[in-house]
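A quick write-up on the structure given underneath.
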Amino acid sequence: HHGDLPRPRDRGTGPGRGHPHAMIGDTVFCTSIAGDEIGRILTWGNHPARHADYELASPSLNCDIPQTYLEPILVKNATMRGTQAQFSTEYLSHTQDDDGVSVRVLNRLSGHAYTIRAKYLIGADGARSKVAADVGLPLEGKMDIAGSMNVTFKADLAKLVGHRPSVLYWVIQP
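My numbering puts the sequence shown at residues 45 to 218.
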């Protein structure tokens with residue numbers, strides 16, 4: 045199925061723009077995209093020792109969909125339901141009462157700080173979540189063990205990686 049579904053699990057499929065599940069099993073470590081492959085590891089529940097954990101955790105297979113594809117889907121569906129999306133806006137703090145939450149934010153383009161009133165506050169701001177820290181939500185596991193960067197570009201890389209398909213390549217400069 046190509047396209048986006050408002051409730052993909054209702055129809056037994058995931059978002060149409062995600063990578064095929066079979067491609068998300070390996071993480072490739074290499075010296076460059078065209079360089080030598082150092083090794084690969086099975087990830088995302090594809091290792092035999094972890095496969096059952098993933099299958100038992102959800103009725104759906106996991107899905108790898110880049111933020112550049114997922115974010116427009118989420119924004120479209122949220123705004124169709126009356127939500128106002130704001131970009132270049134930083135969460136500062138919040139206070140909650142019986143009727144909802146007041147969220148203090150900063151417009152990073154203008155420098156103007158203001159308060160938004162909402163029914164809910166969703167902290168989807170990553171592993172260093174200020175929202176999670178402010179509500180006292182503990183995160184487990186080691187933090188800051190590696191750095192990463194997403195680089196978005198369009199190119200036909202089939203000649204370089206067709207023989208070693210994956211959705212995640214760690215380029216290591218030994």
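The beta-carbon is built from N, C-alpha and C at its ideal position, and this holds for glycine as well. Here the structure is a predicted model, which means the values were calculated and not measured.
Q | Three-state class that DSSP yields for His95 in the structure shown | A | In the sequence shown, the residue the question calls residue 95 occupies position 51. Helix at His95.
Q | Whether Ile77 touches Tyr213 by CB criterion (9 Å) | A | By 1-based counting over the sequence shown, the position of residue 77 is 33. By 1-based counting over the sequence shown, the position of residue 213 is 169. For Ile77 and Tyr213, yes; Cβs fall inside 9 Å.
Q) Do the CB positions of Asp70 and Pro182 come within less than 9 Å of each other? A) Counting from 1 along the sequence shown, the entry for residue 70 is found at position 26. Counting from 1 along the sequence shown, the entry for residue 182 is found at position 138. Pro182 sits away from Asp70, with the two beta carbons spaced by 9 Å or more.
**Q.** Close beta carbons around Gly144, own chain, < 7 Å, minus the five adjacent residues each side
**A.** Taking the sequence shown and counting its residues from 1, the one referred to as residue 144 is at position 100. Correct list, in chain order: Arg161, Ala162, Lys163.
Q: Could you tell me the boundaries of the beta strand (DSSP E) in which Leu212 lies?
A: Mapped onto the sequence shown, residue 212 falls at position 168. Residues 212-215.
**Q.** Where Glu115 falls: helix, strand or coil (DSSP)
**A.** Against the sequence shown, residue 115 aligns to sequence position 71. In the structure shown, Glu115 adopts helical secondary structure according to DSSP, grouped into three states.
Q) What residue from Ser132, Met67, Arg148 has the CA that sits closest to Leu86's CA? A) Looking up residue 86 in the sequence shown gives position 42. Met67 is the residue among Ser132, Met67, Arg148 whose C-alpha sits nearest the C-alpha of Leu86.
Q | Anticipated Cβ contact below 8 Å, Gly167 with Ala176, distance rounded | A | The residue labelled residue 167 in the question sits at position 123 within the sequence shown. The residue labelled residue 176 in the question sits at position 132 within the sequence shown. About 5 Å separates the CB atoms of Gly167 and Ala176; that is less than 8 Å, so the two are in contact.
Q | Proximity of Asp80 and Val211 at Cβ, strictly below 9 Å | A | Against the sequence shown, residue 80 aligns to sequence position 36. Against the sequence shown, residue 211 aligns to sequence position 167. No. Outside cutoff.
Q: Measure the alpha-carbon distance for Tyr98 versus Gly180 and round it to whole angstroms.
A: Along the sequence shown, one-based indexing puts residue 98 at 54. Along the sequence shown, one-based indexing puts residue 180 at 136. Cα to Cα, Tyr98 sits roughly 27 Å from Gly180.
Q. Residue range of the alpha helix (DSSP H) that Val179 falls in?
A. Position 135 of the sequence shown, counted from the start, is the residue given in the question as residue 179. For Val179, the enclosing alpha helix (DSSP H) begins and ends at 174-179.
**Q.** Counted within 10 angstroms of its Cβ, other Cβ atoms place His138 as buried (16 or more) or exposed
**A.** Counted from its first residue, the sequence shown places residue 138 at position 94. By the 10 Å Cβ count, His138 comes out buried.
Q: Inspect the beta-carbon positions of Cys74 and Val215 and report whether they are closer than 9 Å.
A: Your numbering for residue 74 matches position 30 in the sequence shown. Your numbering for residue 215 matches position 171 in the sequence shown. Against a cut-off of 9 Å, the Cβ pair of Val215 and Cys74 comes out as a contact.
Q) In terms of residues, what are the limits of the alpha helix (DSSP H) holding Leu204? A) Within the sequence shown, residue 204 is the residue found at index 160, counting from 1. Taken as a continuous stretch (DSSP letters only), the alpha helix (DSSP H) holding Leu204 covers 202-205.
Q. When burial is assigned at 16 or more other CB atoms within 10 Å of the CB, is His207 buried or exposed?
A. As a first step, residue 207 is located in the sequence shown; it is residue number 163 there, counting from the start. With fewer than 16 Cβ atoms within 10 Å of its Cβ, His207 is classed as exposed.
(Q) Mapping the DSSP letters down to three states, classify Thr133 as helix, strand or coil. (A) In the sequence shown, the residue the question calls residue 133 occupies position 89. Note: Thr133 maps to strand in three-state DSSP.
Q: Starting from Leu86, trace the beta strand (DSSP E) both ways and give me its first and last residue.
A: In the sequence shown, counting from the first residue as 1, residue 86 sits at position 42. Under the DSSP assignment, Leu86 falls in the beta strand (DSSP E) whose first and last residues are 81-86.
Q. Quick one: what's got a C-beta closer than 8 Å to Asn106's C-beta in the same chain, skipping five residues either side?
A. Here residue 106 refers to the residue found at position 62 of the sequence shown. The beta carbon of Asn106 is closer than 8 Å to those of His65, Ile68, Trp88, Gly89, Tyr98 in its chain, skipping five residues each way along the sequence.
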